[in-house]
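Student: Chains as they are written, first to last, in the working numbering: chain Z, 1 to 539; chain R, 540 to 788. Glycine included, each C-beta is placed from N, C-alpha and C at the ideal position. Small disclaimer: the values here were computed from a predicted structure and weren't measured.
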Amino acid sequence: MSREVMEYDVVIVGGGPSGLSAAIKLKQLNPETNVCVLEKASEIGAHILSGNVFETKALDELFPNWKELNTPVKTKVTKEKFLFLGKTKSFSWPTWLLPKVQKNHNNYIISLANMCRWLAEQAEALGVEIFPGFPASEIIYNEDGSVKGVATQDMGIDKEGNKKDSFESGIELHAKVTVFAEGCRGHLGKQLIKQFELNKGKDPQQYGIGLKEIWEVDENQHEEGLVMHTAGWPLDNKTYGGSFMYHAENKQIFLGYVIGLDYKNPHLSPFDEFQRFKTHPSIKKYIEGGKRISYGARALIEGGLQSLPQMFMPGALLIGCDAGTLNMPKIKGSHTAMKSGMIAAETIIEHLKNKKPLSIYEEKFKKSWLYEELFAARNVKPSFSWGLILGIIFTGIDQILFRGKLPFTLSHKHADHEALMPADKMPKIEYPKPDNVLTFDKTSSVYLTGTNHTDNQPVHLHLKNPELPISFNVAKYDEPAQRYCPAGVYEVQKENEVLKFVINSQNCIHCKTCDIKEPSQNINWVTPEGGGGPRYGNM
Amino acid sequence: MKILVAVKRVIDYNVQIRVKEDNSGIVTDNVKMSTNPPDDNAIEEAVKIKEAGKATEIVAITIGDDKAQETVRKALAVGADRGIHVKADGIIEPLAVSKILKAVVEKEKPDLVFMGKQAIDDDCNQTGQMLAALLNWPQATFASKIDVKDKSLEVTREVDEGLETIEVNIPAIVTCDLRLNEPRYASLPNIMKAKKKPLDQMSAKDLGVDTNPRIEQIKVEEPPKRKAGIKVANVAELVNKLKNEAKVI
Chain Z
1 MSREVMEYDV
11 VIVGGGPSGL
21 SAAIKLKQLN
31 PETNVCVLEK
41 ASEIGAHILS
51 GNVFETKALD
61 ELFPNWKELN
71 TPVKTKVTKE
81 KFLFLGKTKS
91 FSWPTWLLPK
101 VQKNHNNYII
111 SLANMCRWLA
121 EQAEALGVEI
131 FPGFPASEII
141 YNEDGSVKGV
151 ATQDMGIDKE
161 GNKKDSFESG
171 IELHAKVTVF
181 AEGCRGHLGK
191 QLIKQFELNK
201 GKDPQQYGIG
211 LKEIWEVDEN
221 QHEEGLVMHT
231 AGWPLDNKTY
241 GGSFMYHAEN
251 KQIFLGYVIG
261 LDYKNPHLSP
271 FDEFQRFKTH
281 PSIKKYIEGG
291 KRISYGARAL
301 IEGGLQSLPQ
311 MFMPGALLIG
321 CDAGTLNMPK
331 IKGSHTAMKS
341 GMIAAETIIE
351 HLKNKKPLSI
361 YEEKFKKSWL
371 YEELFAARNV
381 KPSFSWGLIL
391 GIIFTGIDQI
401 LFRGKLPFTL
411 SHKHADHEAL
421 MPADKMPKIE
431 YPKPDNVLTF
441 DKTSSVYLTG
451 TNHTDNQPVH
461 LHLKNPELPI
471 SFNVAKYDEP
481 AQRYCPAGVY
491 EVQKENEVLK
501 FVINSQNCIH
511 CKTCDIKEPS
521 QNINWVTPEG
531 GGGPRYGNM
Chain R
540 MKILVAVKRV
550 IDYNVQIRVK
560 EDNSGIVTDN
570 VKMSTNPPDD
580 NAIEEAVKIK
590 EAGKATEIVA
600 ITIGDDKAQE
610 TVRKALAVGA
620 DRGIHVKADG
630 IIEPLAVSKI
640 LKAVVEKEKP
650 DLVFMGKQAI
660 DDDCNQTGQM
670 LAALLNWPQA
680 TFASKIDVKD
690 KSLEVTREVD
700 EGLETIEVNI
710 PAIVTCDLRL
720 NEPRYASLPN
730 IMKAKKKPLD
740 QMSAKDLGVD
750 TNPRIEQIKV
760 EEPPKRKAGI
770 KVANVAELVN
780 KLKNEAKVI
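1) If you run the structure through DSSP and keep just helix, strand and coil, what is Asn327 (chain Z)?
2) Pick out the complete beta strand (DSSP E) segments inside the segment 173-247 of chain Z, 3 residues or longer, and give them in chain order.
3) Grouping DSSP H, G and I as helix and E and B as strand, with all else coil, what is Tyr371 (chain Z)?
4) Let me know the secondary structure DSSP gives Arg298 (chain Z) once reduced to three states.
5) For the alpha helix (DSSP H) containing Ser385 (chain Z), name the first residue and the last one.
6) Hey, does Asn708 (chain R) have any beta-carbon neighbour from chain Z nearer than 7 Å?
7) Can you give the Cα-Cα distance for Val446 (chain Z) and Pro434 (chain Z), rounded to whole angstroms?
8) Mind checking who Ala316 (chain Z) pairs with in its DSSP beta bridge?
9) Over what stretch of residues does the alpha helix (DSSP H) that includes Val258 (chain Z) continue unbroken?
10) Going along chain R in order, which residues have a C-beta closer than 7 Å to the C-beta of Thr152 (chain Z)?
11) Applying the 10 Å Cβ sphere with the 16-neighbour rule, what's the burial state of Ser307 (chain Z)?
12) Using three-state DSSP, classify Tyr490 (chain Z) as helix, strand or coil.
13) Taking Asp60 (chain Z) as part of the alpha helix (DSSP H), name the residues at either end of that continuous run.
14) In the segment 597-656 of chain R, which residue ranges form an unbroken beta strand (DSSP E) of at least 3 residues, counting only runs that do not cross its ends?
15) Can you pull the chain R neighbours of Glu216 (chain Z), defined as C-beta to C-beta under 8 Å?
16) Which of the three DSSP states is assigned to Ile348 (chain Z) in this structure?
17) Based on Cα-Cα distance, which residue from Z:Phe384, Z:Phe82, Z:Pro31, Z:Val13 lies nearest to Ile44 (chain Z)?
18) Would you decide whether Val437 (chain Z) is buried or exposed? Buried here means 16 or more other CB atoms lie within 10 Å of its CB.
19) Measuring CB atoms only, is the segment 596-610 of chain R touching the segment 713-721 of chain R, in the sense that at least three cross pairs come out at less than 8 Å?
20) Going by the beta-carbon positions, is the gap between Val489 (chain Z) and Cys511 (chain Z) smaller than 7 Å?
21) Return yes when the Cβ of Ile503 (chain Z) is within less than 7 Å of the Cβ of Val459 (chain Z), no when it is not.
22) Can you list, in chain order, the residues of the segment 56-79 of chain Z whose Cβ is nearer than 7 Å to any Cβ on chain R?
23) With a cut-off of 8 Å, do at least 3 Cβ pairs link the segment 327-345 of chain Z to the segment 98-105 of chain Z?
24) Under a three-way DSSP split, which group does Pro737 (chain R) fall into?
25) Who are the near neighbours of Ile565 (chain R) in its chain, counting only those whose CB is closer than 7 Å to its CB and skipping five residues on each side?
26) Hey, does Phe440 (chain Z) have any beta-carbon neighbour from chain R nearer than 7 Å?
27) For Ile301 (chain Z), which option in Z:Gly225, Z:Pro382, Z:Gln205, Z:Ser243 has the closest C-alpha, if you only look at C-alpha atoms?
28) Mind pulling the chain R residues with CB within less than 7 Å of Glu43 (chain Z)?
29) Tell me whether Asp686 (chain R) sits in a helix, a strand or coil according to DSSP, three-state version.
30) Can you find a C-beta in chain Z that's less than 7 Å from the C-beta of Glu721 (chain R)?
31) Going by beta-carbon coordinates alone, are Gly208 (chain Z) and Thr78 (chain Z) separated by less than 7 Å?
32) Could you pull the start and end residues of the beta strand (DSSP E) that Val502 (chain Z) belongs to?
33) Against chain Z, which members of the segment 609-621 of chain R pass a CB distance test of less than 8 Å?
34) May I ask you to list the residues that DSSP assigns as paired with Thr574 (chain R)?
35) Report the three-state DSSP secondary structure of Pro72 (chain Z) (helix, strand or coil).
36) Figure out for me which residue from Z:Arg292, Z:Gly289, Z:Glu362 has the closest Cα to the Cα of Phe312 (chain Z).
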């Protein structure tokens, strides 16, 4: 079947910080460049979820006059706290003893979704064409194997795969260079990494799951500009993770929890850890009596430089967290994602103008502050595989004494999906029932995400082996999908004494955790019909 | 035959509505907006009639702030030929909308005016009816099927008792039900083409319409939270509770 074709100089897949920065930089360097951005969400920002304490380094370079441009970057960090939590007690770590990378006094508390909306406005003003609601579902290759572009998803296909009356064929977008900027665990990026062996010689990628809620609280509980992080309870010493609490404008608190997806206990439920974390006296006091107004979750990259795949390939570039440019000890990926996009733009302009190969991306990357940052950060995450306490001691030595310049590089030994231990070898975790005041169940949480997928469309969560969840996972891991999914997509139900694996794909909030953590890599996340997924406001 | 279709920009139906803290209204900042769903049916029906060769031009109109333009562009992307954006800020009540539409109808002289049966934000269900009264045109509300005849329309209406089929003479106002059709998707090439279609801008003032609200909104509140249910041991207890506590029997 032949599809309609649209030609561009550059097609960018994904309207997040990296993709939009690439688009803007391309237009700044050469306004004649034909650029389009495809975004799977119904509007820019609707699938963006991040803390976010924002470092302006990349924005300073992209728009030196950004302070005059009514950016949503307004709340300066005024105060910082770091707490170690015990079950009921907490111990405050003096901030002067924090490594420099974890100090935030020049940074801002922002909503990354709003930031992306602002970037999109700038990009459109420069002539970039942005198409929200159009997921790129397929990579198109040239005969010589190089990337030719992407195809958008067909619309109007029913559950069984038949065309409905409203069927609208996807189209092909061909480009001189295609930029993949889908964010962590992009489903096309994943294919490219395999196709071009971009991760050859690299450590396995490491991921985390981040959960976030926005609370509206009373004035007395709110300290605009306060940034607080915690480690410790409710996680054990062996599980990597911690919380963030950012006091943003309008009496809102951005509260979140991040857990490394290399956790071992299949009984662990990241969602429930986050819920019970909120009951700690040091946290509760900030949100008690307040109102939860948003909820969401998204996987993030934690592998750093050791796991960063090669970012160029014939005809295409892989940028931002689609590759994995997040700086883990800084717990920041927005400025690095933006920078990776800006380097991509510089590379593409030289490629189009002077026929330079796309491999010059690597040289430009290595000469940039982005590389310097990721290099200095590289040993922090792997050191936490020794546990929280040793991790902190090592990180102190590595980051404070040596500033990331130790003459060796620790490696990540395992992929996250290999980390789970059998269910009968690990302790069961009893999570308290939600009180619907501070803590909630998944159903009422998912409701707040506004997620929706047109019913009567094919399930977008593919099982390579449909029998595996019941035949293997239930006995060995007590089917962990029931717990690692933060949206209650996966359920094991009993019908007439027979177990059945149910996929509530309409609940999916596009976090990609299942694609990462499924122990046999049995779940493949593909794009649903355009516009589906969460409708996040200022996440 | 020319069809004027009115479309409204509303909060997306998937978004959970939130009341402002000071109870002065609902939160619309950073909230996903889209076309009022039955307005999509109205556009779709107009496009179908044009595709069947029974209409020659479709004009999509919206009233609202600058961003309301997106709603007209969306209508253009699924088949409207031309757009009109009447600029107006704040709450525009159905009466003001009807008066604006009347002024535009007098200028554009369409044979039919289509719109959704009601908007999902204020749920007024008044605009079509008021416009019919102001123009003294026949109206067919809650349409779930439309047959275009020579000088009239045969319209099936969704009414409380079931379906009612009526015939109205053209020119007429039709308000559309969700059952009327399945709106098509806007394809990428059509979105591109829509950017080049003509879109006229004017203000309510240009049309001589006063849009000041006639109703003062005093307070917006969330509905009271539902209490959790209880389990009863037996029928007798249930009957007792229904009688004495709930007082429903």
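Tutor: According to the structure shown:
1) Three-state result, Asn327 (chain Z): strand.
2) DSSP runs (the beta strand (DSSP E)) wholly in the segment 173-247 of chain Z: 207-216, 226-232, 241-247.
3) When secondary structure is reduced to three states using DSSP, Tyr371 (chain Z) falls in the helix class.
4) Secondary structure of Arg298 (chain Z) (DSSP, three-state): strand.
5) If you look at Ser385 (chain Z), you'll find it isn't in any alpha helix (DSSP H); DSSP assigns it neither H nor E.
6) Using a Cβ-Cβ cut-off of 7 Å, Asn708 (chain R) does not count as an interface residue toward chain Z, since no Cβ of chain Z sits closer than that to its own.
7) Between Val446 (chain Z) and Pro434 (chain Z), the alpha-carbon positions lie close to 14 Å from each other.
8) Among the bridge pairs identified by DSSP, Ala316 (chain Z) is matched with Z:Thr178, Z:Met313.
9) Here Val258 (chain Z) belongs to no alpha helix (DSSP H); instead the beta strand (DSSP E) covers 252-260.
10) Contacts between Thr152 (chain Z) and chain R, judged by CB atoms closer than 7 Å, involve Leu727 in chain order.
11) Its Cβ being crowded by 16 or more others within 10 Å, Ser307 (chain Z) is buried.
12) Tyr490 (chain Z) falls in the strand class under three-state DSSP.
13) Residues 57-62.
14) Segments of the beta strand (DSSP E) lying fully in the segment 597-656 of chain R: 621-626, 651-655.
15) Neighbours of Glu216 (chain Z) on chain R, chain order: Glu560.
16) In the structure shown, Ile348 (chain Z) sits in a helix (DSSP, three-state: H, G or I).
17) The residue with the shortest Cα to Cα distance from Ile44 (chain Z) is Z:Val13.
18) Flag for Val437 (chain Z) reads exposed.
19) With a cut-off of 8 Å, the segment 713-721 of chain R and the segment 596-610 of chain R do not count as touching, because too few Cβ pairs lie within range.
20) Going by C-beta atoms, Val489 (chain Z) is not nearer than 7 Å to Cys511 (chain Z).
21) Contact: yes.
22) Cβ contacts with chain R: none found.
23) Contact holds: three or more Cβ-Cβ distances are below 8 Å.
24) Reduced to three states, the DSSP call for Pro737 (chain R) is coil.
25) The beta carbon of Ile565 (chain R) lies closer than 7 Å to those of Ile556, Arg557, Val558, Lys559, Val759 in the same chain, with the five residues before and after it left out.
26) The beta-carbon of Phe440 (chain Z) is placed no less than 7 Å from the nearest beta-carbon of chain R.
27) Minimum Cα-Cα distance from Ile301 (chain Z) among the listed residues Z:Gly225, Z:Pro382, Z:Gln205, Z:Ser243 corresponds to Z:Gln205.
28) Result: Lys571.
29) Of the three classes helix, strand and coil, the one that applies to Asp686 (chain R) here is strand, per DSSP.
30) Yes, because at least one Cβ of chain Z sits closer than 7 Å to the Cβ of Glu721 (chain R).
31) No.
32) For Val502 (chain Z), the enclosing beta strand (DSSP E) stretches over residues 498-503.
33) Hits within the stretch: zero.
34) In DSSP, Thr574 (chain R) forms a bridge with R:Arg548.
35) DSSP, reduced to helix, strand and coil, places Pro72 (chain Z) outside both helices and strands of the structure shown, so it counts as coil.
36) For the options Z:Arg292, Z:Gly289, Z:Glu362, the alpha carbon positioned closest to that of Phe312 (chain Z) is the one of Z:Glu362.
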